[in-house]
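A.B. asks: Right, I'll just put the structure down here and ask away after.
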Amino acid sequence: MNYVAKTIIASIDFDGVLAQGVNAKIKYAKKWFGVDLTLEQTKKQGFNALMQKLGKQHTYRDLMDPLNEEHIMEYEVSGDCIPVLKKLYAMGFRFMIITSRNQHDYPYAVQFVAAKFPDLIEKIHNTRDEPKTKFVQRLKPRVHIDDDIKKLKQIEECPIELIYYRQSENVNKELPAGDKQRIHEAKNWTDISILLEQIKRSHEAICWKNRWANKWYMIDKIWGARQSLSKPELQELLKEYDSFSRR
Numbered sequence: 000m001n002y003v004a005k006t007i008i009a010s011i012d013f014d015g016v017l018a019q020g021v022n023a024k025i026k027y028a029k030k031w032f033g034v035d036l037t038l039e040q041t042k043k044q045g046f047n048a049l050m051q052k053l054g055k056q057h058t059y060r061d062l063m064d065p066l067n068e069e070h071i072m073e074y075e076v077s078g079d080c081i082p083v084l085k086k087l088y089a090m091g092f093r094f095m096i097i098t099s100r101n102q103h104d105y106p107y108a109v110q111f112v113a114a115k116f117p118d119l120i121e122k123i124h125n126t127r128d129e130p131k132t133k134f135v136q137r138l139k140p141r142v143h144i145d146d147d148i149k150k151l152k153q154i155e156e157c158p159i160e161l162i163y164y165r166q167s168e169n170v171n172k173e174l175p176a177g178d179k180q181r182i183h184e185a186k187n188w189t190d191i192s193i194l195l196e197q198i199k200r201s202h203e204a205i206c207w208k209n210r211w212a213n214k215w216y217m218i219d220k221i222w223g224a225r226q227s228l229s230k231p232e233l234q235e236l237l238k239e240y241d242s243f244s245r246r
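Those letters in the sequence shown? Residues 0 to 246, per numbering that gives the first Met the number 0, in order.
This is how it looks when you write it as structure tokens:
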């Protein structure tokens with residue numbers, strides 16, 4: 000059954016997707032600097048603007064450097080994340096991280112992943128704030144999950160499914176209407192699981208119909224075939240594939 004992929008690579012952002020640092024930032028900003036952060040102020044621009052407004056000399060790095068060095072394990076993992084990853088792993092999905100952490104913060108992400116996701120996350124790639132495009136082009140994941148719309152849009156020309164992960168830090172950042180055809184949206188890991196299973200099924204159906212090997216080197220062709228199908232055409236193909244699979 001060459002139309003069924005043995006492995007399906009999905010790339011995942013670290014901060015805000017796999018690891019939630021907002022509560023740790025709020026906690027230690029209060030403890031170290033005596034300020035109560037809003038969600039917007041847990042980001043670099045918002046934090047620096049607050050410090051400037053209060054006449055304080057601190058910067059975002061004064062918060063993040065010791066937070067990573069001493070308290071990275073206080074970052075949180077969404078309750079449904081690991082069960083979903085385990086389920087998808089059993090279905091043939093394999094996961095890698097593509098993160099934009101700086102050189103200082105990156106080793107602490109590696110430490111966190113080793114402790115929290117043993118045997119689930121295979122590799123971590125750090126862009127060092129470069130666009131993620133070249134990593135996607137080289138590593139050829141079929142899906143990328145990120146909580147940053149700008150970073151998703153940087154790779155929208157690549158043959159890859161994109162998922163915008165909504166969580167507490169970006170809950171007020173709506174996906175523009177013009178991007179909703181290109182970028183999926185998920186509010187939790189259960190949503191992500193549903194989307195990934197749909198993507199897996201559609202790739203299998205396309206490869207079955209075209210008698211293609213469902214391999215990484217075929218991603219461009221599979222992607223092109225998927226984009227050429229209208230929604231009704233895709234639904235009809237999936238019905239055909241499901242009927243065949245039940246025989």
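Using N, Cα and C, we set each Cβ at its ideal position, and we do this for glycine too.
Since this is a predicted model, take the numbers as computed values, not measurements.
For SER167, name the three-state secondary structure that DSSP assigns.
C.D. replies: SER167: helix per DSSP, three-state reduction.
A.B. asks: If we count the other Cβ atoms within 10 Å of its Cβ and call it buried at 16 or more, is THR98 buried or exposed?
C.D. replies: Burial call: buried.
A.B. asks: Which value, in whole angstroms, describes the spacing of the CA atoms of GLU256 and GLU184?
C.D. replies: Since the first residue shown for the chain is 0 and the last is 246, residue 256 is missing from the structure and cannot be characterised.
A.B. asks: From the DSSP secondary-structure annotation, give me the bridge partner or partners of HIS143.
C.D. replies: According to DSSP, which records beta bridges pairwise, HIS143 is partnered with SER10, LEU161.
A.B. asks: Based on the DSSP secondary-structure assignment, which residues constitute the bridge partners of ASN125?
C.D. replies: DSSP lists THR98 as partners of ASN125.
A.B. asks: Kindly give me the distance between the Cβ atoms of TRP188 and ASP79, rounded to whole angstroms, as I take these residues to be in contact under 8 angstroms.
C.D. replies: Confirmed, Cβ separation roughly 4 angstroms.
A.B. asks: So what does DSSP say about PHE116, is it helix, strand or coil?
C.D. replies: Coil at PHE116, not helix or strand.
A.B. asks: Please go through the same chain and pick out, in chain order, the residues whose beta-carbon is closer than 7 angstroms to the beta-carbon of GLN40, but skip the five residues on each side of it.
C.D. replies: Cβ within range, chain order: PHE46, LEU49.
A.B. asks: Any heavy atom of the ligand PLP inside 7 angstroms of the beta-carbon of THR189?
C.D. replies: Questions concerning the ligand PLP fall outside what the structure shown contains, since it holds no ligand whatsoever.
A.B. asks: Could you pull the start and end residues of the beta strand (DSSP E) that HIS183 belongs to?
C.D. replies: From DSSP, the beta strand (DSSP E) with HIS183 extends over 182-185.
A.B. asks: Look at the alpha carbon of ASP35 and the alpha carbon of ALA108, and state the distance between them as a whole number of angstroms.
C.D. replies: In a straight line, the C-alpha of ASP35 is about 25 angstroms away from that of ALA108.
A.B. asks: Please classify VAL56: does DSSP put it in a helix, a strand, or coil?
C.D. replies: Before going on, a small fix: residue 56 reads as Gln here, not Val. DSSP places GLN56 in coil when its eight states are reduced to three.
A.B. asks: So, does the region 222-229 touch the region 164-172, judging by three or more C-beta pairs under 8 angstroms?
C.D. replies: Contact fails: fewer than three Cβ-Cβ distances are below 8 angstroms.
A.B. asks: Can you give me the Cβ contacts of TYR74 inside the same chain, cut-off strictly under 7 angstroms, excluding the 5 residues immediately before and after it?
C.D. replies: Same-chain partners within the cutoff: ALA18, GLN19, GLY20, ALA23, PHE111.
A.B. asks: Under 6 angstroms Cβ to Cβ from TRP215, same chain only, skipping five residues before and after it: list those, please.
C.D. replies: Excluding residues within five positions, the ones whose Cβ falls inside 6 angstroms are LYS139.
A.B. asks: Would you check if the region 82-98 and the region 66-73 touch, i.e. whether three or more CB-CB distances between them fall below 8 angstroms?
C.D. replies: With a cut-off of 8 angstroms, the region 82-98 and the region 66-73 do not count as touching, because too few Cβ pairs lie within range.
A.B. asks: By a C-beta neighbour count over all protein chains shown, 10 Å radius and 16 as the cutoff for buried, is ARG245 buried or exposed?
C.D. replies: The residue in question, ARG245, is exposed, as its Cβ has fewer than 16 Cβ neighbours within 10 Å.
A.B. asks: Would you grab the beta carbon distance between TYR237 and ARG200 for me? Rounded to a whole angstrom, and I think it's under 8 angstroms.
C.D. replies: At residue 237 the sequence reads Leu, which differs from the Tyr that was named. Rounded, the Cβ-Cβ distance is 7 angstroms, consistent with contact.
A.B. asks: Note down the Cα distance separating ILE8 from GLN44, rounded to an integer number of angstroms.
C.D. replies: Looking at the two C-alpha atoms, the distance is approximately 33 angstroms.
A.B. asks: I'd like the list of long-range same chain contacts for LYS115, defined as Cβ closer than 6 angstroms, with 5 residues on each side in sequence excluded.
C.D. replies: Excluding positions up to five away in sequence, the list reads VAL76.
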